[in-house]
Amino acid sequence: MAIKPIRTTLKVILALGAIAGIAVGGYYGYRYYQKIKSEKKDVQNQKSDSSRAKENQGEKGSNNINREVIVPKNVEEMFYKPENLIRVGHWNILNYGSTESSDKNGPKVRAIAELIYKSKQDVVGLTEINYNRGEDVKNIVDVLNSINSNNSFKYLIQPTKDANPTSSNATKEQVAIIYNYKRIKEKNFTNGKNIQSYGTTQKFQGTSYKRPLFAAYFETIEGSKPFVSIFGHLDSPAVGKNSTEKADKTYKGQGAQEVAEASEIANAFKYYEELSNNASIIFGGDTNIKTENNRLFNSENFIKNNIENYYGEMSIFEDKKTTTKAKKYEFYETSLGTNEKNGYANAYDKLLFKENGGLNIINEYEKTTYKDKKYQNVPFKADIINGFKNGIWDRNVILNLRPKLQLNKQGKKISDFSFIRNKISDHTLVYLDFEIK
């Protein structure tokens, strides 16, 4: 039997795969939003685990998707996180809650769970969850807890009663917060609750949040660091054709509603500070504020309240060489364009924070100068446009969960970009970190 030649060939392939993974990981950290070359991915192993967790913890194991994930080396480097850091993220997961999108054995649930795990999230807020379908997030948590035997995640759901009663059912949504209960524990606000919405009753500038913000009060198990995580999905961008909404006079291309909602975030910070006895505050959300209007979050109301925009004026990774306006800030853009050629389209998804009690929340500048050099090039977003090329997802595993979803109405296969944008999400995951020691 020709065993030795086969083994030698395998060794060569594995060696070349490791070298390619390291090279791609380093390049991705510097300008990961640019197109990168395809690389071979590790084959995922299967591992059975039939144990069940307690209420809201999720079930470990689920039919054809119960397999332990092996994370490629370049993906480990892509999302590298020093042990002394806690990671908080946000992801708009596109119309979650339909029969197809929340299918426990489908590609979307699998892809969401894998990315939360691989990107090392400790707390992650999920938005654009269909109204009255919040409990479908349990499917994500079940899969998340099944893909690694050490995973221990729970979830919190925004109550349906917190919805704005003046919003239509089509506009109403819910927010979910998933957290790693081995590193994070729930803590009660001064009102005795551990979760609280903002915007259900609050009025501002003659309006209110179409979809109220949702927050949870947490404390790290190691270091006992209290913090509040707020998540939200603000009003749609610009002014619709048949809308009575007026265009905003200060921020070009924006409607007055989303600008008012975005500006009100500063007051939401004050509200949650009072409820938490001045804990640190972290906001993650789809603000629908366009890239060119990023200055809204650096305006006076935010500055005077010591609220910081994670990447400030988007200057560190601004592409100063390009003459194309659309590419100048692509590093910071998080919504997916209409086609692969357009790449990322807008910096809608923001990370804002306020430090209290000596907590160090790491902004972009601090990250690029951090003492751990491996961490300096870790991006603040996942490059899901290239998710089947850069190792975030195994293409064969994701696409073959529900093969028919690869086909359009004419029965022809859609592109990988189209599949990711329409079947997983048209926004990517964003995140920041803070120190516990």
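Residue 44 in this note's numbering sits at position 57 of the sequence shown, with consecutive numbering throughout. Beta carbons: idealized from backbone N, C-alpha and C, even for Gly.
Check whether residue i and residue j have beta carbons under 8 Å apart
{"i": "N281", "j": "A234", "result": "no"}
{"i": "A203", "j": "I165", "result": "no"}
{"i": "I290", "j": "I73", "result": "no"}
{"i": "N506", "j": "A253", "result": "This structure gives no information on residue 506, because the portion of the chain shown stretches from -12 to 424."}
{"i": "I99", "j": "I127", "result": "yes"}
{"i": "V429", "j": "F66", "result": "This structure gives no information on residue 429, because the portion of the chain shown stretches from -12 to 424."}
{"i": "G84", "j": "N117", "result": "yes"}
{"i": "Q145", "j": "V124", "result": "no"}
{"i": "F214", "j": "L346", "result": "yes"}
{"i": "F218", "j": "T114", "result": "yes"}
{"i": "E206", "j": "D222", "result": "no"}
{"i": "G330", "j": "I372", "result": "yes"}
{"i": "N296", "j": "L339", "result": "yes"}
{"i": "D413", "j": "S286", "result": "no"}
{"i": "E305", "j": "Y316", "result": "yes"}
{"i": "I269", "j": "E260", "result": "no"}
{"i": "T355", "j": "N264", "result": "no"}
Sheet register partners of residue i (DSSP bridge)
{"i": "N333", "result": "S322"}
{"i": "L113", "result": "W78 and A163"}
{"i": "K341", "result": "I268"}
{"i": "N296", "result": "L339"}
{"i": "P213", "result": "E206"}
{"i": "Y83", "result": "I116"}
{"i": "I171", "result": "T207"}
{"i": "L200", "result": "Y185"}
{"i": "G242", "result": "A234"}
{"i": "I73", "result": "F421"}
{"i": "G219", "result": "G272"}
{"i": "T194", "result": "F191"}
{"i": "K368", "result": "V417"}
Closer than 7 Å: residue i CB and nearest the ligand MG heavy atom
{"i": "G345", "result": "Ligands are entirely absent from the displayed structure, and the ligand MG is therefore not among its contents."}
Own chain partners of residue i with C-beta closer than 7 Å, once the 5 adjacent residues on each side are dropped
{"i": "S49", "result": "In this prediction, S49 scores a pLDDT of 40, lower than 50, which makes its location untrustworthy; the coordinate-derived value is nonetheless stated afterwards. Contacts found: K91, N92, D129, V130 and S133."}
{"i": "Y196", "result": "N151, G186 and E248"}
{"i": "K107", "result": "F66, K68 and R74"}
{"i": "Y352", "result": "I303"}
{"i": "K236", "result": "none"}
{"i": "D359", "result": "P69"}
{"i": "Y418", "result": "R74, V75, G76, S106, Q108 and F367"}
{"i": "H220", "result": "N79, T114, E115, E160, R198, G272 and D273"}
{"i": "L392", "result": "P94 and K410"}
{"i": "D29", "result": "Any reading at D29 must be qualified, since the residue scores a pLDDT of 38, below 50, and its modelled position is unreliable; no value is offered."}
{"i": "A225", "result": "G240, Q241 and G242"}
Opening and closing residue of the beta strand (DSSP E) in which residue i lies
{"i": "L419", "result": "V417 to E422"}
{"i": "F140", "result": "F140 to I144"}
{"i": "S184", "result": "I182 to Y185"}
Range covered by the alpha helix (DSSP H) that runs through residue i
{"i": "I385", "result": "R382 to L386"}
{"i": "E351", "result": "E351 to T355"}
{"i": "M65", "result": "K60 to M65"}
{"i": "E232", "result": "Segment: none, E232 is in no alpha helix (DSSP H) and carries neither H nor E."}
{"i": "Y104", "result": "P94 to K105"}
{"i": "A313", "result": "K312 to K315"}
{"i": "S405", "result": "D403 to F406"}
{"i": "N126", "result": "V124 to S133"}
{"i": "I290", "result": "E287 to I290"}
Residues near residue i in its chain [Cβ-Cβ closer than 6 Å; skip 5 each side]
{"i": "R382", "result": "F375"}
{"i": "T194", "result": "A247"}
{"i": "W78", "result": "L113 and L416"}
{"i": "L143", "result": "I164, I182 and A203"}
Spatial neighbours of residue i in its chain, beta-carbon cut-off 8 Å, leaving aside the 5 residues before and after
{"i": "L394", "result": "K400 and I401"}
{"i": "N175", "result": "N181 and Y204"}
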